[in-house]
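Visitor:
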Amino acid sequence: MGVHVHEHCLKMARREDGTPWWSAFPEPISSPVKIASSEVAQLLQGRDELKPHEFLLIDTRRTDCIGGTIQGSLNLPAHSFYLMRVMLYDLCKQAGIKRIIFYCGSSNGRGPRCAAWMQDYINSVSDGSGSDYESDTGCSAEMTMQVMAGGIRGWVKAHGGDMMEGYDEKIWQDPKPDEETR
Numbered sequence: 001m002g003v004h005v006h007e008h009c010l011k012m013a014r015r016e017d018g019t020p021w022w023s024a025f026p027e028p029i030s031s032p033v034k035i036a037s038s039e040v041a042q043l044l045q046g047r048d049e050l051k052p053h054e055f056l057l058i059d060t061r062r063t064d065c066i067g068g069t070i071q072g073s074l075n076l077p078a079h080s081f082y083l084m085r086v087m088l089y090d091l092c093k094q095a096g097i098k099r100i101i102f103y104c105g106s107s108n109g110r111g112p113r114c115a116a117w118m119q120d121y122i123n124s125v126s127d128g129s130g131s132d133y134e135s136d137t138g139c140s141a142e143m144t145m146q147v148m149a150g151g152i153r154g155w156v157k158a159h160g161g162d163m164m165e166g167y168d169e170k171i172w173q174d175p176k177p178d179e180e181t182r
C-alpha cells in the first residue's frame, strides 16, 4: 500500500514538466551516517552559548515547516540547497563548524539527499575526509555530514516540544503522511 500524498505536496515535489525537483541536479554519491535524535538533544543541551558551536542543524523542509523547528536550526529548503552548498561550506569552514546535521520531515528523502550533496562537495575539494584546511594548530579539521534519524517527526515523538522554536502541539496531534519530496 502506498503512502497518501497530498496534491499540494506532489505539486511542490515536481517541476512543471512532471519530473521530480531533484532531477535537475546530480545524483548524490555519498551516504552520510545517521545520528539519533537523543544524541542531537545531548549536543543542544551541552552547548555553551559563550563559545563557538562546532555543529550546525539544517532543516531542509520548505513550506511543510509548520509545527516548529529544532532550536537553532537553519532552514535551507532542499529545493534550493544544491546551489547553496558551496556557500554553506565556506561559512561553516570559516566558523569552525565540524559537524552538519540535516533533517526533514522523516529524514527519508530531502535531509539525506542534501547531506549527501554536501559530503560529495566536501569530498571534491578535499582529500575525501573533509580535511582540506588546517587549523591554527596545524592539525587538520574535519567536517562531517550526518542525518538525524526520524526527522522532525521522530524528534517530536521522542522529545515533544522540548528544544523547539515555534512548536505547535496541534500540528503534531494528527498523523502526517510520509514525505514524498525525496
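For what it's worth, the UniProt record's numbering labels the leading residue of the sequence shown as 1, then goes sequentially.
The beta carbon of each residue, even a glycine, is placed where N, CA and C say it ideally should be.
1. To which residues of the same chain is PHE81 closer than 6 Å at the C-beta, ignoring the five residues directly before and after it?
2. Any idea which residues DSSP pairs THR144 with across the strands?
3. Determine the DSSP secondary structure at GLU49, reduced to helix, strand or coil.
4. Helix, strand or coil for ASN123, going by three-state DSSP, please let me know.
5. I'd like the span of the alpha helix (DSSP H) that includes ILE171, first residue to last.
6. Does the ligand SAH have even one heavy atom less than 7 Å from the beta-carbon of ASP168?
7. What are the partner residues of ASN75, as DSSP defines its beta bridges?
Guide: This is what the structure holds:
1. Correct list, in chain order: CYS114.
2. Note: THR144 sits in a beta bridge opposite ARG99.
3. Note: GLU49 maps to coil in three-state DSSP.
4. Helix, per DSSP.
5. 169 to 173 is the extent of the alpha helix (DSSP H) around ILE171.
6. The ligand SAH is absent from the structure shown, which contains no ligand whatsoever.
7. DSSP, once it has assigned bridges, lists ASP59 as partnering ASN75.
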